[in-house]
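First up is the structure itself, then whatever we jot down about it.
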Amino acid sequence: MARWSRISSILLVAVILAVLLLPGTATAHYAVEPATEEYTDGWHGFEAITFWDLPSRVMIIYFLLMVLPGISYVGEHIYILSLLLPLGFRRVLRHNVLDDDFRHDLYQQITIHPGASTRELRELTGASRGRLRYHLNMLIREGKVAAVDYRSHFRHFARNQRYTTLEKRTLASLRDETPGAILAHLFRSPGATQSDIADDLGLAAPTVSLHMQQFEAEGIVAVDREERPFRYRLSAGVREVLNEHQALSRPASRQHPGLESYIDAWGREVPHE
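Heads up: the sequence shown runs through residues 122 to 394, numbered per my numbering.
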C-alpha cells in the first residue's frame with residue numbers, strides 16, 4: 122500500500138507541474154483573421170428574428186431552460202418532459218415546408234413574380250430582412266426555390282416552373298430599372314441605335330453601351346453590324362420568352378419601369394423577324 126501511495130503522490134505532483142508549466146488551451150494565445158469574402162446579394166444588417174419566428178423545437182428548448190432550473194426533483198423533470206412529448210413536434214422537410222402560412226405566401230409570390238429580388242420580395246410580403254432571409258433559406262434548402270446570382274444580385278424562381286438560362290436572365294433584367302427600361306424600349310422599337318435608346322430614356326451613352334455589351338454577350342440582344350451606327354434588336358430567343366410570358370404580373374412598385382412598360386403592351390405580340 123505504501124508503494125502505491127508513493128506512486129499516486131508522484132503522479133499527482135507530475136500532473137500539477139504539467140498544468141503549471143505547459144500552456145493550456147485557456148491561456149494559449151491565438152489570432153482570428155477576418156473573413157475576406159462578403160455576400161454580394163445585399164443581405165446585410167439583418168434584423169433579429171423574433172421569438173415567434175423560431176421553429177417549435179427551439180421555442181420548447183428556451184422554455185425548458187427557463188422552467189427546469191426551478192424544479193427540484195428529477196422525477197418532476199421527467200414528468201414535465203412526458204407532457205411535452207404528445208405535442209408531436211416534427212422536422213421541417215420538403216413535404217411540409219409550405220405548411221407555414223408565411224412561407225406559403227412567400228412561395229406564391231415567387232411563383233407569380235419570377236426573377237424577383239430580395240428587395241422586391243420584402244415589398245411584396247412586408248417582412249423584415251431577418252424574417253425574409255430565414256424563410257427564404259428554408260425554401261431554398263428544401264428545394265422549393267432556386268436563388269440565381271445574376272449581376273451581383275440574387276433572383277428567385279420557383280422550382281416547379283422550369284426556366285432556361287435565357288428565360289431567367291430576361292425575366293430578371295425586366296425587373297431591374299435600367300436594363301428593364303432598355304429591353305422595353307427595344308420591345309417597342311426594334312432596330313434602335315444606342316443613341317436612340319440614350320435619348321429616349323435619358324441615360325448616359327456609356328451606361329447604354331455597357332448594358333448592350335452585357336445583353337449581347339448573354340444572347341438577349343442581337344446586333345446588326347452591317348450599317349453604322351449599329352442597330353439592336355431583341356434576340357429570337359428573347360422574343361419567344363416575352364411572347365410566352367405576356368401574363369407576367371405587375372411589379373410590386375414603380376421601381377420597375379421596364380416590366381411596367383412591357384406589361385402595358387399586353388396583347389401585342391413581339392414580331393418574329
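We treat Cβ as the ideally placed atom computed from N, Cα and C, and that holds for glycine.
Asked, Found
"Let me confirm a value: Gly-323 is counted as buried when at least 16 other C-beta atoms fall within 10 Å, else exposed. Which label applies?", "exposed"
"Going by beta-carbon coordinates alone, are Ala-343 and Ser-356 separated by less than 8 Å?", "yes"
"Excluding the 5 residues preceding and the 5 following Arg-280 in the sequence, name in chain order all residues of the same chain whose CB lies nearer than 7 Å to its CB.", "Gly-264, Lys-265, Val-266, Ala-267"
"Bridge partners for His-277 per DSSP, in chain order?", "Ala-237, Ala-268"
"Apart from the five residues just before and just after Arg-215, which ones in its own chain have a Cβ nearer than 8 Å to its Cβ?", "Glu-263, Gly-264, Lys-265"
"Over the uninterrupted beta strand (DSSP E) stretch that includes Asp-320, give me the two end residues.", "Taken as a continuous stretch (DSSP letters only), Asp-320 belongs to no beta strand (DSSP E), being part of the alpha helix (DSSP H) at 315 to 322."
"Write down the C-beta distance between Leu-242 and Gln-230 rounded to the nearest angstrom, noting that I regard them as a contact closer than 8 Å.", "6 Å"
"Please tell me whether Ser-249 and His-274 are closer than 8 Å, where the distance is taken between their beta carbons.", "no"
"Do you know whose CA, among Glu-337, Phe-351, Thr-291, lies nearest Asp-317's CA?", "Phe-351"
"For Arg-352, which residues does DSSP report across the bridge?", "Asp-345"
"What did DSSP end up calling Val-362 once you bin it into helix, strand or coil?", "helix"
"Within the continuous alpha helix (DSSP H) that includes Val-329, where are the two ends?", "326 to 338"
"How about Val-213 and Pro-176: are their beta carbons less than 8 Å apart?", "yes"
"Just how far apart, CA to CA, sit Ile-341 and Thr-286?", "11 Å"
"Take the Cβ of Gly-312 as the centre, count every other Cβ of all protein chains shown within 10 Å, and call the residue buried at 16 or more, exposed below.", "exposed"
"Roughly how far, in whole angstroms, is the beta-carbon of Arg-354 from the beta-carbon of Leu-307, given that I think they are within contact range, below 8 Å?", "6 Å"
"Name the two residues that bound the continuous alpha helix (DSSP H) containing Tyr-255.", "250 to 262"
"How many whole angstroms separate the CB atoms of Tyr-271 and Ala-305, which I take to be in contact at a CB cut-off of 8 Å?", "Going by Cβ atoms, the distance from Tyr-271 to Ala-305 rounds to 18 Å, so no, they are not a contact pair."
"Give the DSSP-derived three-state secondary structure of Gly-301 in the structure shown.", "helix"
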